[in-house]
Amino acid sequence: MTNTTQPETQPHELATRSTAPIDPGRASAAPRRTPRAPRRAWVALAVLMLPVLLVSIDNTVLSFALPAISRDLAPTAAQQLWIIDAYPLVLAGLLVGMGSGGDRFGRRRMLLIGSTGFAVVSIVAAFAPTAEALIAARAALGFFGAMLMPSTLSLLRAVFTDREQRRLAIAIWASGFAAGSALGPLVGGLLLEHFAWGSVFLLAVPVLVPLLVLVPLLIPESRDPAPGRIDLVSTVLSLAAMGPIVYGIKSLATEGVDGFGVQAIAFGAFCAVWFVRRQLRSDSPMLDVRLFRQGSFGGAVLVNLFSVIALVGFLYFVSQHLQLIAGLTPVAAGLALLPGLVAMIIAGLVVVPIARRVRPRVLVPVALGLSAAGYLLIAVTTSAESIAPIVIAFVLLGVGIGAAETVSNELILSSAPPAKAGAASAVSETAYELGAVLGTAVLGSILAAQFRSGIVLPSVLTEGQADAARETLAGAVTVSEQLPGPIGAQLAASAAHAFDGGVVVTSLIGVGLMLAAAVVAAIALRNPAPAPTE
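In my numbering, the protein residues as written are 161 to 694.
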């Protein structure tokens, strides 16, 4: 976020989702001696980890609840995608703006407001009676979620004034993203095994209530003494750019080329250009787009974006395959994906010493090549019984993405001047959330279109049954259970064949995304800029 650091903070020490900082060749001058944080500060860190874990869990847990939600609320294919996308879309659009608001009005205050709103809306989402109501609740969760992440990091940097302790604290904070992603499928599986799908939303309440009690006791208020102005126009433009583009992609993939989908993308592109031009003219931009003039910075951001698209898209279709086609329980499906998510965390740690010896232009493409191999394995082995190949494929994908994102996140920060480290972290976080949106918008929409064109419906279906079976895999499975044995089995087999046919196409696109990211990394990271000193 622009202008989020305090005078005593060392901006270049900021880390994002990487599990440990990589030495980019900083000056070796001895740091100024500062008071070491008391034990109370480490308790404060544990409290600040609660919203980090919650937000990252939310990014993966909903994919496992989707089959149950589809059976209960019967959403259309487009609504099913919006249930997933509404949250990260709003979150991505408001991250930088909420960070500026915390600078001005108080970061602790923003954290408490966001936590209260997130808990209340989570209860509303848990009991949503319709797909439309759930989409609206997810959008509201994105609004309040955008208050949480910038505030936690800013407060953490204010609590830890000692350089080495702050570096460790930030690394622990950053590892919460990977840990939350790993816990998401398992926690979701355990909840769905015993409770209704609304339980995945109610999880927020016991997590955030301790935060609301302990934050005022442990963490002092923190503000930027010279905050930049709040740019409401830029905030609106960022949402107006992403929303129509995502909607247009969904429309083109599910409904075909029509005027409205093309117009939506054109309008979003116009707002995006307007947003960029406004930032370039501003003396205190909400998002410093000038950072993209450095090739290593822009290349690292694109690597992050493509990696998250591939990860979220993979989880979207694999969670449905494991539960609705392979017949696994939610817990078993979560355990099947756990090795890959753990591998992602381990890869982020192991790559740190390797990155000191291997150049990014070599290390990142090799890591992304592993992710491409994971997608390729899915494409050539997809079948109703393909559980072991999915586990192996996700381990490959997780290792590749975990290693690539650790290196690219550090490059994002080391490529920016120290005074721009806050803006650099905002760009990285926004790319992560935008990738989560596009993962389901692009890959999910293509999968839905392939499913709809490939499924063969029995002639005995009513019009309502045919519409439900044609919309989603969960709808087809539900309808098949209502039909006589042979006809129901025929519909279930056709739905499984159509869905897995779409998975093959989607997986090949995932291979292309990973290879494209590898090419970008090999070119843009050829000569990464050393860490600036001013």
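C-beta: ideal position from N, C-alpha, C; glycine also.
Asked: Do G595 and V468 have their beta-carbon atoms positioned less than 8 Å apart in this structure?; Found: yes
Asked: According to DSSP, is V396 helix, strand or coil?; Found: helix
Asked: As a quick exercise: from S667, L617, T632, L668, pick the residue whose alpha carbon is nearest that of G648.; Found: L617
Asked: Looking only at its own chain, which residues have a Cβ that is under 6 Å from the Cβ of A507, when we skip the five neighbours before and after it?; Found: V559, G562, A563
Asked: Pick out the complete alpha helix (DSSP H) segments inside the region 228 to 277, 4 residues or longer, and give them in chain order.; Found: 237 to 265
Asked: Terminal residues of the continuous alpha helix (DSSP H) containing V679?; Found: 645 to 684
Asked: Distance check for L668 and P181, CA to CA, integer angstroms please.; Found: Residue confidence for P181 is low, a pLDDT of 43 falling below 50, so the modelled location carries little weight; the figure read from the coordinates is stated next. When rounded, the distance between both Cα atoms is 33 Å.
Asked: Whose C-beta lies closer than 7 Å to the C-beta of F304 among residues of the same chain, with five residues either side of it excluded?; Found: G274, G277, F278, V281
Asked: Counting Cβ pairs closer than 8 Å, one from the region 596 to 605 and one from the region 546 to 556, do we hit at least three?; Found: no
Asked: Which one of G428, E381, L374, V375 has the shortest CA to CA distance from V396?; Found: G428
Asked: Please give me, in chain order, every unbroken run of the alpha helix (DSSP H) with length at least 4 that falls completely inside the region 587 to 645.; Found: 605 to 614, 623 to 631, 633 to 640
Asked: Shortest alpha-carbon distance to G459 belongs to which of V375, R521, I229?; Found: R521
Asked: Please determine if the region 521 to 533 and the region 676 to 688 are in contact, where contact requires at least 3 C-beta pairs separated by less than 8 Å.; Found: yes
Asked: Comparing alpha-carbon positions, which option in L363, L412, L214, M270 lies nearest L315?; Found: M270
Asked: Is the region 610 to 624 touching the region 634 to 651, taking contact as three or more C-beta pairs under 8 Å?; Found: yes
Asked: With respect to the alpha helix (DSSP H) encompassing A356, which residues constitute its N-terminal and C-terminal limits?; Found: Run containing A356: none; DSSP gives neither H nor E here.
Asked: Assess contact between the region 480 to 492 and the region 348 to 365, defined as three or more Cβ pairs (one per stretch) separated by less than 8 Å. Is contact present?; Found: yes
Asked: Nearest-angstrom Cα distance between V369 and E381?; Found: 19 Å
Asked: Can you tell which of V373, Y476, N464 has the C-alpha that lies nearest to the C-alpha of M674?; Found: N464
Asked: From what residue to what residue does the alpha helix (DSSP H) around F466 run?; Found: 455 to 480
Asked: When the Cα atoms are used, what is the spatial distance from F435 to M446?; Found: 10 Å
Asked: From A291 to S394, what distance separates their C-alpha atoms?; Found: 30 Å
Asked: Tell me, please, whether the CB atom of A678 is closer than 8 Å to any CB atom in chain B?; Found: Checking the listed chains, one finds no chain B in this structure; it contains a single protein chain.
Asked: P248: buried (16+ other C-beta within 10 angstroms of its C-beta) or exposed?; Found: buried
Asked: Which of helix, strand or coil does DSSP assign to G344?; Found: helix
Asked: Following the continuous alpha helix (DSSP H) through M504, name the residue where it begins and the one where it ends.; Found: 490 to 515
Asked: So the candidates are C431, Y407, V433; which of them puts its Cα closest to the Cα of V422?; Found: Y407
Asked: Starting from T541 and walking both ways along the alpha helix (DSSP H), at which residues does that stretch end?; Found: 520 to 541
Asked: From V221 to L475, what distance separates their C-alpha atoms?; Found: 10 Å
Asked: In three-state terms, what does DSSP make of F320?; Found: coil
Asked: If I measure Cβ to Cβ from A426 and keep anything under 6 Å in the same chain, skipping five residues before and after, which residues do I get?; Found: none
Asked: By Cβ distance below 6 Å, which residues in the same chain neighbour V284 in space, the five residues on each side in sequence not counted?; Found: A297
Asked: On a CA-only basis, which of G261, R264, G344, R231 is nearest P289? Give me that one, please.; Found: R231
Asked: For a quick check, are the C-beta atoms of A237 and A503 less than 8 Å apart?; Found: no
Asked: Buried or exposed, going by whether 16 or more other CB atoms sit within 10 Å of the CB of T699?; Found: The requested residue 699 is not part of the displayed model; the chain covers only 161 to 694.
Asked: Figure out for me which residue from L371, I244, F466, P404 has the closest Cα to the Cα of R268.; Found: L371
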